[in-house]
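In the numbering used here, the protein residues as written are 340 to 727.
Where is the CB? At the ideal position from N, CA and C, for every residue including glycine.
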């Protein structure tokens, strides 16, 4: 029997892969399952983006390999977007690198900066890929607590000095997955200067910067008043522009970090198809006011979820951004709650423990579900909970 590598044995199963198998089995038995577990935007990108893809794909000159750095036009469009949105000036030749989706970048930048014996500072709670990439690099995880009484900000003062001396990267993510919490530019200043002081690369995973509620605005880590050599940020077209599955993102910031990431990527993958870059340029250059309309739909769904939580044994702070509601199970075990909801209500939720030890006792809802589907799912949850 073929044996996996030691590093693969050290990798726990990815929750969404496991739950996906379970749901497919249920669906094969003609059971309708409502997927409130996954952050998959349910609305399409603007029509101009799709038209741009088709037009570019019809050009015979656009069929072929690109530079590992992607097209200059795409990098320039990203630089222009950050200048317009955040007032941040980036050199498109050395401070921007396209990604095959930000998840790929998360793992590859980890491989680029961590060795065995190094430490990654990872938010507890946070996106599971941060820890997965660290394990693949055979480095160590130090969980950084997020303070729920202070907007889920990282509690950096708790990190022991012996840990800081071995730490190479610190991950942050705001608007936060899974809590929906936000931080300010002042917070970014504090965190970035902390990283600079301790010679740590700050990696800001920022896929939800355009998924905002109640008039909130999201800053960028690249606006911080620290040396940019210590900061890199990930941008995702999946969440900003409803382009999930297109696998387009970008890393921006530290030239050194970009160079290291490119060294890994050039040995592992290739650049995107030119029409994907062209569609991304269109998404960046199209008037952005449609995002407010899209976010208003998400906000209405958020409010519907918040309204039924007391009826199903949950409570939550109101999220200001991201695609999620992070709800505390008031009575009982969260894993058992999720299992029972799937088995009996046919509603799939994400268990909080998938996001780190601090997530135990919580469940995550996604607002990326069509309105009628969401209403049916919430009704099913209320009916199930009342019959328990």
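Would DSSP call residue 587 helix, strand or coil?
Looking up residue 587 in the chain shown gives position 248. Three-state DSSP puts residue 587 in coil, outside helix and strand.
What are the partner residues of residue 667, as DSSP defines its beta bridges?
Within the chain shown, numbered from 1, the residue matching residue 667 stands at position 328. Per DSSP, 654 and 701.
Measure how close the beta-carbons of residue 663 and residue 704 come, nearest whole angstrom, since I'm counting them as under 8 angstroms.
As a working note, residue 663 is residue 324 in the chain shown. As a working note, residue 704 is residue 365 in the chain shown. At roughly 6 angstroms, the Cβ-Cβ gap stays under 8 angstroms, so residue 663 and residue 704 are in contact.
Can you grab the Cα-Cα spacing for the pair residue 644 / residue 685, in whole Å?
In the chain shown, residue 644 corresponds to position 305, counting from 1. In the chain shown, residue 685 corresponds to position 346, counting from 1. Their backbone Cα atoms lie some 16 angstroms apart in a straight line.
Thinking C-beta only, is residue 575 closer than 7 angstroms to residue 391?
As a first step, residue 391 is located in the chain shown; it is residue number 52 there, counting from the start. As a first step, residue 575 is located in the chain shown; it is residue number 236 there, counting from the start. No. Outside cutoff.
How far does the beta strand (DSSP E) with residue 631 in it extend, from its first residue to its last?
In the chain shown, the residue the question calls residue 631 occupies position 292. First-last for residue 631: 629–647, but that is the alpha helix (DSSP H), not the beta strand (DSSP E).
Quick one: any contact between the stretch 645–655 and the stretch 539–551, if contact means 3 or more CB pairs under 8 angstroms?
no
Cβ shell of residue 550 (< 8 angstroms), same chain only, five flanking positions each side left out
Here residue 550 refers to the residue found at position 211 of the chain shown. Excluding sequence neighbours, residue 550 sits near 514, 578, 579, 634, 637, 660, 661 and 662.
Could you pull out every residue in the same chain whose Cβ sits closer than 8 angstroms to the Cβ of residue 458, ignoring the five residues on either side in sequence?
Within the chain shown, residue 458 is the residue found at index 119, counting from 1. Within the same chain, residue 458 has close Cβ partners 478, 479, 480, 481, 502, 505, 506 and 507.
Roughly how many whole angstroms lie between the Cα atoms of residue 680 and residue 395?
On the chain shown, residue 680 is found 341 positions in, with the first residue counted as 1. On the chain shown, residue 395 is found 56 positions in, with the first residue counted as 1. Cα to Cα, the separation comes out at about 45 angstroms.
Taking Cβ to Cβ, would you say residue 573 is nearer than 7 angstroms to residue 590?
Start at 1 with the first residue of the chain shown, and residue 573 comes out as number 234. Start at 1 with the first residue of the chain shown, and residue 590 comes out as number 251. Yes, Cβ-Cβ distance for residue 573 and residue 590 is below 7 angstroms.
Could you give the C-beta distance for residue 548 and residue 350, rounded to a whole number, given that I count them as a contact under 8 angstroms?
If you number the chain shown from 1, residue 548 lands on position 209. If you number the chain shown from 1, residue 350 lands on position 11. Not really, about 29 angstroms apart at Cβ, beyond 8 angstroms.
Exposed or buried, what is residue 553 when buried is set at 16 or more other beta-carbons lying within 10 Å of its beta-carbon?
Within the chain shown, residue 553 is the residue found at index 214, counting from 1. Exposed, by the Cβ-count rule.
Bridge partners - residue 306, DSSP secondary structure assignment
As shown, the chain starts at 340 and ends at 727. That puts residue 306 outside it, with no answer to give.
Using only the alpha-carbon positions, how far apart do residue 709 and residue 561 sit?
In the chain shown, residue 709 corresponds to position 370, counting from 1. In the chain shown, residue 561 corresponds to position 222, counting from 1. Going from the Cα of residue 709 to the Cα of residue 561 covers about 34 angstroms.
Taking residue 461 as part of the beta strand (DSSP E), name the residues at either end of that continuous run.
Taking the chain shown and counting its residues from 1, the one referred to as residue 461 is at position 122. Segment 458–463, the beta strand (DSSP E) holding residue 461.
Please report the Cβ distance between residue 516 and residue 378, rounded to the nearest whole angstrom; I am assuming they are in contact, meaning their Cβ atoms lie under 8 angstroms.
Start at 1 with the first residue of the chain shown, and residue 516 comes out as number 177. Start at 1 with the first residue of the chain shown, and residue 378 comes out as number 39. At roughly 7 angstroms, the Cβ-Cβ gap stays under 8 angstroms, so residue 516 and residue 378 are in contact.
For the stretch 362–440, list the beta strand (DSSP E) runs that are entirely contained and at least 3 residues long, ordered along the chain.
435–438
Which of helix, strand or coil does DSSP assign to residue 493?
Position 154 of the chain shown, counted from the start, is the residue given in the question as residue 493. Strand at residue 493.
Where residue 715 falls: helix, strand or coil (DSSP)
Start at 1 with the first residue of the chain shown, and residue 715 comes out as number 376. Residue 715: helix per DSSP, three-state reduction.
Coarse secondary structure for residue 660, derived from DSSP in three states
One-based indexing of the chain shown puts residue 660 at position 321. Note: residue 660 maps to strand in three-state DSSP.
Measuring CB to CB, does residue 559 end up less than 7 angstroms from residue 425?
Walking along the chain shown from the start, residue 559 turns up at place 220. Walking along the chain shown from the start, residue 425 turns up at place 86. Cβ atoms of residue 559 and residue 425: closer than 7 angstroms.
Alpha carbons only, please: which of 571, 492 and 432 is nearest the one belonging to residue 407?
As a position in the chain shown, residue 407 is number 68, starting the count at 1. The shortest C-alpha separation from residue 407 is found at 432.
Under 7 angstroms Cβ to Cβ from residue 465, same chain only, skipping five residues before and after it: list those, please.
The count along the chain shown starts at 1 and reaches residue 465 at position 126. Cβ within range, chain order: 510, 512, 694 and 695.
Going by other Cβ atoms of all chains shown within 10 Å of its Cβ, with 16 needed for buried, is residue 357 buried or exposed?
Taking the chain shown and counting its residues from 1, the one referred to as residue 357 is at position 18. With fewer than 16 other Cβ atoms within 10 Å, it is exposed.
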